[in-house]
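In case it helps, our numbering puts the sequence shown at residues 23 to 120.
Where is the CB? At the ideal position from N, CA and C, for every residue including glycine.
Structure, as structure tokens:
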Amino acid sequence: RKWEGGDPGVANQKTPTSLLLTPEGAFHSFGYTARDYYHDLDPEEAREWLYFEKFKMKIHSTSDLTMKTQLEAVNGRKMPALEVFAHALRFFKEHAVQ
Numbered sequence: 023r024k025w026e027g028g029d030p031g032v033a034n035q036k037t038p039t040s041l042l043l044t045p046e047g048a049f050h051s052f053g054y055t056a057r058d059y060y061h062d063l064d065p066e067e068a069r070e071w072l073y074f075e076k077f078k079m080k081i082h083s084t085s086d087l088t089m090k091t092q093l094e095a096v097n098g099r100k101m102p103a104l105e106v107f108a109h110a111l112r113f114f115k116e117h118a119v120q
């Protein structure tokens with residue numbers, strides 16, 4: 023499973039909560055696959071993509087969590103937290119069905 027990968031030679035027990043969306047906001051990848059793809063993008067191109075890292079922890083540290091809570095991608099663009107989590111949950115659902 024590519025998304026579980028990680029760095030060669032390093033044992034990992036956890037997949038990072040990293041989510042990569044296309045510039046249009048469509049799901050691209052999750053976990054190490056998202057991290058690696060994003061970091062391999064040309065810096066100019068990367069500014070258009072929505073890359074969320076450690077988004078689960080950001081929710082834990084938010085004291086005023088509401089249905090309208092926004093999460094900020096690395097490039098500064100914001101998206102509703104519900105959408106970010108929906109993309110991640112959809113990914114896990116599809117993975118579980120396989």
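Between which two residues does the beta strand (DSSP E) holding K75 run?
Here the question's residue 75 lines up with position 53 in the sequence shown. It is worth fixing the name first, because residue 75 is Glu in this sequence and not Lys. That run of the beta strand (DSSP E) goes L72 to E75.
Quick one: is H109 near chain B, going by C-beta distance under 8 Å? Going by chain labels, chain B is absent from the structure shown, which holds only one protein chain.
| task | Evaluate G98 with the Cβ neighbour count: other Cβ atoms within 10 Å of its Cβ, from every protein chain shown; 16 or more gives buried, anything less gives exposed. | result | Here residue 98 refers to the residue found at position 76 of the sequence shown. That one is exposed.
Using a 10 Å radius around the Cβ and a threshold of 16 neighbouring Cβ atoms, would you call Q120 buried or exposed? Working through the sequence shown from its first residue, we reach residue 120 at position 98. Q120 comes out exposed.
According to the Cβ coordinates, are Q92 and K80 closer than 8 Å? What you label residue 92 is simply residue 70 of the sequence shown in a count that begins at 1. What you label residue 80 is simply residue 58 of the sequence shown in a count that begins at 1. It is not a contact, given that the beta carbons lie outside the stated cut-off.
If you draw a straight line from the C-alpha of V96 to the C-alpha of A103, how long is it?
In the sequence shown, the residue the question calls residue 96 occupies position 74. In the sequence shown, the residue the question calls residue 103 occupies position 81. Cα to Cα, the separation comes out at about 14 Å.
_For the region 45-56 against the region 71-80, do three or more pairs of beta-carbon atoms, one drawn from each stretch, fall closer than 8 Å, so that the two count as touching?_
yes
Q: Look up L87 in the DSSP assignment and say whether it is helix, strand or coil.
A: What you label residue 87 is simply residue 65 of the sequence shown in a count that begins at 1. In this structure, L87 counts as coil in the three-state DSSP scheme.
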